[in-house]
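Here's the structure, in structure tokens; my notes come after.
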Amino acid sequence: MENTLKLNRIIATSLLMAMLGLSTVPNEVTAQSPCCRITTESSTKNTTIEDPPTVKKEESKWQVEGDHGPSTVVEFDSDEGTWMNLDLSPDGNQVVFDLLGDLYTIPITGGQAKLLSGGSAWDMHPRFSPDGKQIAFISDRAGGDNIWLMNADGSNRRALTKETFRLLSSPYWSPDGDWIIARKHFTNTRSLGAG
């Protein structure tokens, strides 16, 4: 851990020097960035990183649904998908699946897929209730990834959870249909490439 911190300080100092156009380190280098104040003393090779004073910013909430400027509807036709989640209805007649953030059903015998839930929100992980009357799914339509419910025909969409910090995924119904369990992510940041 200590070696990692030293390496990070060396990298930060080197980057700072490069940004300032310095080829050698003077007695003291100080830089102010939006995230912190960095001071490096060449005589001791110590780097000090100070957090900035706390500035409370006015937070604006981003609404996923709705118009945010000009947009273009792009129609596409697909008979294949990848990274999809699907579930079979309890009667075995329908498959519900997600494709590019929208939810569809299709007869098990094939045919035309029916759009259940589309739009700007990213909907995924659909699961039929044990009686086949409802579908639980994950959606970011209220800001964070939460569990939502809708009737099997796509009507009556409503939020079941209102998580604002942790992301939820992979809902599963209890066999009696009284409970839904889901995975809750315990992270404090979102890594690139993690979805």
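The letter at position 134 of the sequence shown is residue 136 when you use this note's numbering, and the numbering goes up by one with no holes. For each residue, glycine too, the CB sits at the ideal point set by N, CA and C.
Under a three-way DSSP split, which group does residue i fall into?
i    : result
K116 : strand
R185 : strand
N158 : coil
F167 : coil
S172 : strand
F78  : coil
I108 : strand
L102 : coil
Kindly indicate the opening and closing residues of the beta strand (DSSP E) around residue i.
i    : result
I140 : 136–141
M86  : Here M86 belongs to no beta strand (DSSP E), and DSSP marks it neither H nor E.
P132 : First-last for P132: undefined, no H or E at that position.
L151 : 148–153
D93  : Element bounds for D93: n/a, residue is neither H nor E.
Which whole-angstrom value describes the C-beta separation of residue i and residue j, a residue pair presumed to lie in contact below a C-beta threshold of 8 Å?
i    : j    : result
N153 : A161 : Wrong, their Cβ atoms sit about 15 Å apart, outside the cutoff.
D133 : L105 : Not a contact, Cβ separation roughly 19 Å.
V98  : P128 : 4 Å
G94  : L118 : Not confirmed; about 18 Å, so no contact.
State yes or no: is the C-beta of residue i within less than 7 Å of the C-beta of residue j?
i    : j    : result
D89  : F139 : no
A123 : R143 : yes
In the DSSP assignment, what residue or residues form a beta bridge with residue i?
i    : result
D180 : The partner list for D180 (beta bridge, DSSP) is empty, contrary to what the question assumes.
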